[in-house]
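These protein sequence lines map, in sequence, to chains A and R. With our numbering, you'll find the first sequence wraps up at 401, consecutive numbering, no jumps. With our numbering, you'll find the second sequence wraps up at 1401, consecutive numbering, no jumps.
Number of protein chains: 2
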Amino acid sequence: MISMEDALEIVLKQVSVLSSERVKLLSSLGRVLSENIYSDFDIPGFNRAAMDGYAVVAKDTVHACSDRPVTLKVIDEVPAGFKVKSAISSGKAIRIMTGAVLPEGADAVVMVEYTEARGDKVMVFRSVKRGENVSFSGEDVKKGELVLPRGTLIRPQEVGMLAALGKTEVYVTRKPKVAIISTGDELIEPGKTLEKGKIYDSNSFSLFSQVLKCGADPERIGIVPDDKDELLHKVKMGLSSNILLLSGGVSEGKYDLVKEVLMEAGVKPLFWKVAVKPGKPTFFGIKERTLVFGLPGYPVSSMMNFENLVKPAIFKMLGREGYKRIKIRAVLKGEIKNSSGRKNFIRVRLIEENGRCLAIPAPSQKSGVLKSMVWANAVVVLSTDVRKVKNGEEVLVEILD
Amino acid sequence: MISMEDALEIVLKQVSVLSSERVKLLSSLGRVLSENIYSDFDIPGFNRAAMDGYAVVAKDTVHACSDRPVTLKVIDEVPAGFKVKSAISSGKAIRIMTGAVLPEGADAVVMVEYTEARGDKVMVFRSVKRGENVSFSGEDVKKGELVLPRGTLIRPQEVGMLAALGKTEVYVTRKPKVAIISTGDELIEPGKTLEKGKIYDSNSFSLFSQVLKCGADPERIGIVPDDKDELLHKVKMGLSSNILLLSGGVSEGKYDLVKEVLMEAGVKPLFWKVAVKPGKPTFFGIKERTLVFGLPGYPVSSMMNFENLVKPAIFKMLGREGYKRIKIRAVLKGEIKNSSGRKNFIRVRLIEENGRCLAIPAPSQKSGVLKSMVWANAVVVLSTDVRKVKNGEEVLVEILD
């Protein structure tokens, strides 16, 4: 039995970043950049007005105030998006709109609110400093700058930034293919009739969705009964993926065929028990470049070990850097215990109440109670030496969603 | 100029929940349930072994210990998924696997680790209490129970739970259609040649991605120059959606046509200035059931007001209950100021360092600096009366991602 930290290290050692593919910008949300994005130009590419008003020579306005306005001659007008035709010099102004190119000779913009137009003249009621209400060329992005490094997760703002850089397509890491098998004679496909002694398969559905949410490409191979030949056949199908996930059948019982079948399929075992609760019986091995996880059959254990071991592996395959769950302090509302001698992932619901974060443990922490995952949006991770945390004590909460 | 709170209230008052559609379970991730999900049966549907071992009558084991094992006669074996054939009584045991139906007469399971098989007998080295290592019928879900209420966001665990309940399809709220227009003569489509005075349109790309991330259905109508007829034509196209988003052209300048054109298209204005920074010039109106937002042209302002006003509207249309950004306390690393007299959304990057949360403000807080959004994963919301927060002070941070 190894620790979760060691298990994760063993897993990540086997992972390399996948190859790239080119996608359209509007399809890039949630993907991971596989190229460094440099800017070919300044953004903005010119000094521009940051406000609607008048482009002026700042020193002309030094004495302007509400009682004694300075009067300037308005020689032109520049809307955004058009080339400026005129230059100004002392005593002159140009009407200018937000985003428009600052005319030659101008070094500031007086906001329209502090002016009054009078025929071809404008009265200025407030002084401006050099550069005031001007966005300078390169203010957002400088030419040649590394704007988005390889490994960046593309969120809406990165999509916007890529558009601002003029990109229409971008190189991203290929999505890892993840094959999913549920094992066990007790499993029935949802929609079929439930006989006594059977339960509906849920693990392959939650795992499918977890894979999807991580930005990878799930394939549900389906339910396999506890039959060596059939399992071997389906495992061989799954081994063509980047990751093969199985759930169930990883204990030591004589119907727990997963480990045996995986070995027969040529999978090299690297560990098969992790000192965590839930999720102790967890197998990990490799066949060539394919990672193989034998997750526990209990629905909570399967989901939690996906979170702890499979998700970091997927993120590393994607080249996504520096993923960690957000950890925050909260007040425990309820009592939690850990008598397992293992690291314990207590499912909690994190809520905010009068500016305080409260962590409320799921009423049942049993591995078979999927409702505890439905309840939870976070976990409190108890190390092996913590036996108990009392109501009202502070806990460190790791956010799942 | 109205407060953000009032603005949001006005917006949400105009929103009603959209109609439903039926989707396959594996396509339901990220959707919102539009039906209450009750369970038709107990989960598990029978008392079952929670461990591999022997089903026993608990009181037979009362005196069992490592020195003095109790010997029981093994009369049968039950793997998971099969109907139990035999019943037991005092002095008897049945070999049982995790998940298998507890045989009639048995009231506990002895873990295999505390037993030793001897021919058709088993020696038990530890006592068990009634119910020990047994999962009782209905332990996870009870027949008739409301498991997932209407309005629930479907995460991986909800997909798993729906599968466990035997569902293959589910009713979810239809995705709101959101049309997106960028306005301004200065805008160029990414990929085209950039002339002096022009910038690439980024707002429609970031808004498209924000809409997608909220679980709605974006349509990018594209860039419209500052031309009344063309804008009116495109606005009319957009008004067939549930929401129409425009960016740019909402100030008071004579080239700011959005408000005028919207009125001409029959949009009833409800507000058009909000006391926030960034994002003051923000129009909101309705035409029949369509919500119309005129967002500012600055990329940060457009994104932030989407977050603050459009996203809550989309979530309400989806019937998604109780969305709030997660708020956590962090130590400010840097100094922030608010001289705007408006509520100020300071973009920060939240990091964890030695168990402490630090909020590092983006180097530039200007509305035109999209890089501040790329920098940020959270915001510090300064109310109008807070002028300054110093380095090292505690701030409340709202997580964006």
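Beta carbons are placed, not taken as given, at the ideal position from N, Cα and C, and that holds for glycine.
- Sequence-distant partners of A1265 of chain R (beyond 5 residues in either direction) whose C-beta falls short of 8 Å from its own C-beta, in its chain, are L1232, V1235, K1236, L1239 and K1287.
- In this structure, DSSP gives N1036 of chain R a state outside helix and strand, which the three-state scheme calls coil.
- Around the beta carbon of Y323 of chain A, fewer than 16 other beta carbons lie within 10 angstroms, which makes this residue exposed.
- With respect to V101 of chain A, V110 of chain A sits apart: the two C-beta atoms are not nearer than 7 Å.
- Residue state for G285 of chain A is assigned as strand, using DSSP reduced to three classes.
- For the pair K1121 of chain R and V1070 of chain R, the Cα-to-Cα distance works out to about 10 Å.
- Chain-order list of chain A residues neighbouring L1025 of chain R: P190 and F205, by C-beta distance under 8 Å.
- Here D229 of chain A carries a helix assignment [DSSP, helix/strand/coil].
- Cβ-Cβ distances below 8 Å link S39 of chain A to V141, K142, K143, G144, E145, V147 and L165 in the same chain, with the five nearest sequence neighbours on each side left out; the list follows chain order.
- Contact between Y255 of chain A and M1097 of chain R holds, with the beta-carbon distance rounding to 6 Å and staying under 8 Å.
- In terms of CA proximity to A1163 of chain R, A:G191 leads the group A:E113, A:I88, A:G191 and A:G285.
- Per DSSP, reduced to three states, the secondary structure at T290 of chain A is strand.
- Under the 7 Å criterion on CB atoms, L309 of chain A is classed as non-interfacial with respect to chain R.
- The beta carbon of E352 of chain A sits closer than 7 Å to some beta carbon of chain R.
- Distance from the CA atom of E1335 of chain R to the CA atom of L1350 of chain R, rounded to whole angstroms, is 15 Å.
- T282 of chain A and V1170 of chain R have their C-alpha atoms roughly 32 Å apart.
- R:F1293 is the residue among R:F1293, R:A1050, R:R1289 and R:N1242 whose C-alpha sits nearest the C-alpha of K1259 of chain R.
- As summarised for the segment 1325–1379 of chain R, the continuous alpha helix (DSSP H) elements at least 4 residues long and confined to that stretch are 1371–1375, given in chain order.
- Below 8 Å, enough C-beta pairs join the segment 1077–1089 of chain R and the segment 184–201 of chain A to call them touching: three or more.
- Every beta strand (DSSP E) stretch that sits fully inside the segment 1120–1204 of chain R and reaches 3 residues is listed by chain position as 1121–1124, 1146–1148, 1169–1173 and 1177–1183.
- For K1259 of chain R, the enclosing alpha helix (DSSP H) starts and ends at V1258 to E1264.
- Bounds of any alpha helix (DSSP H) do not take in A100 of chain A, whose DSSP letter is neither H nor E.
- If only uninterrupted beta strand (DSSP E) runs of at least 3 residues are considered, those enclosed by the segment 55–113 of chain A are 70–78, 92–96 and 108–111.
- Taking each of R:G1279, R:N1242, R:P1363 and R:V1379 in turn and checking the Cα distance to L1018 of chain R, the smallest one comes out for R:N1242.
- S206 of chain A sits in a helix when the DSSP states are folded into three classes.
- Note: S241 of chain A is not bridge-paired with any residue in the DSSP secondary-structure output.
- In this structure, P361 of chain A sits near V348 of chain A, with a CB-CB distance shorter than 7 Å.
- For R1220 of chain R, the beta-bridge partners assigned by DSSP are R:I1180.
- At least one CB of chain A lies nearer than 7 Å to the CB of F1208 of chain R.
- The bridge partners DSSP lists for E398 of chain A are A:K327 and A:V379.
- In the three-state reduction of the DSSP assignment, P1269 of chain R falls in the strand class.
- Contacts between K167 of chain A and chain R, judged by CB atoms closer than 7 Å, involve P1190 in chain order.
- Residues of the segment 1065–1092 of chain R that bring their beta carbon within less than 7 Å of a beta carbon in chain A comprise P1079, A1080, G1081, F1082 and K1083, in sequence order.
- Under the three-state reduction of DSSP, L26 of chain A is assigned to helix.
- Bounds of any alpha helix (DSSP H) do not take in E307 of chain A, whose DSSP letter is neither H nor E.
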